[in-house]
Amino acid sequence: MLTIRQAQLDVLSQARMARFEERLQTLLSTLAPRLSATEVSAVSTRILRDAPAFGLHSEADIARFGEISLAAFDPFPDERLPVPALAILMSHGLAPQRKLERYAAWAASLRETSGRAGGAVQ
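The sequence shown begins at 1 in full-length UniProt numbering and counts up one residue at a time.
Structure (structure tokens):
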């Protein structure tokens, strides 16, 4: 029987997370070429930090959260997200995909009312 120690699992998990963070940064820099590498790294760190608090744990959900957020905010908020966004993302009993659908709809309406094609105001 093969036994894997917790330390080995931790190393594998850290490596997987590092690869995902690289892919997320690539996605974000593709979506927002105006951002510097430092800004992309900061946005990526923020997304990875905030996503679990909103019940977003899968790589696909986290990437979608980042994509929607980056499209909604120009510039990306340094502090917390606006209250309407938080209300959607913190909805209890709502599946992650449903939260993201509502968040995307809210972000789209925000962009429409802002009158700017490049992003929404905070």
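Don't be surprised by glycine CBs; every beta carbon is placed ideally from N, CA and C.
If distances are taken between C-alpha atoms only, which option among the options comes closest to residue i?
i, options, result
"Arg80", "Ser91, Leu70, Asp50, Glu67", "Asp50"
"Lys99", "Thr45, Ala53, Pro33, Asp78", "Ala53"
"Gln97", "Val83, Thr38, Arg64", "Arg64"
"Pro84", "Ser109, Ala15, Gly55", "Ser109"
"Ile62", "Arg46, Ser114, Pro75", "Arg46"
"residue 123", "Ser44, Leu70, Arg5, Ser29", "With the chain running from 1 to 122 in the structure shown, residue 123 is simply not present."
By Cβ distance below 7 Å, which residues in the same chain neighbour residue i in space, the five residues on each side in sequence not counted?
i, result
"Asp10", "none"
Could you check what DSSP says for residue i in three-state terms: helix, strand or coil?
i, result
"Arg19", "helix"
"Phe76", "coil"
"Pro84", "helix"
"Ser91", "coil"
"Gly118", "Because Gly118 carries a pLDDT of 46, less than 50, the predicted location of this residue cannot be relied on, and no value is offered for it."
"Leu12", "helix"
"Ile4", "coil"
Tell me the rounded alpha-carbon separation between residue i and residue j.
i, j, result
"Leu31", "Ala72", "12 Å"
"Ser29", "Arg102", "24 Å"
Problem set entry | Every unbroken alpha helix (DSSP H) within the segment 19-64, with a cutoff of 4 residues, ordered by chain | 37-50
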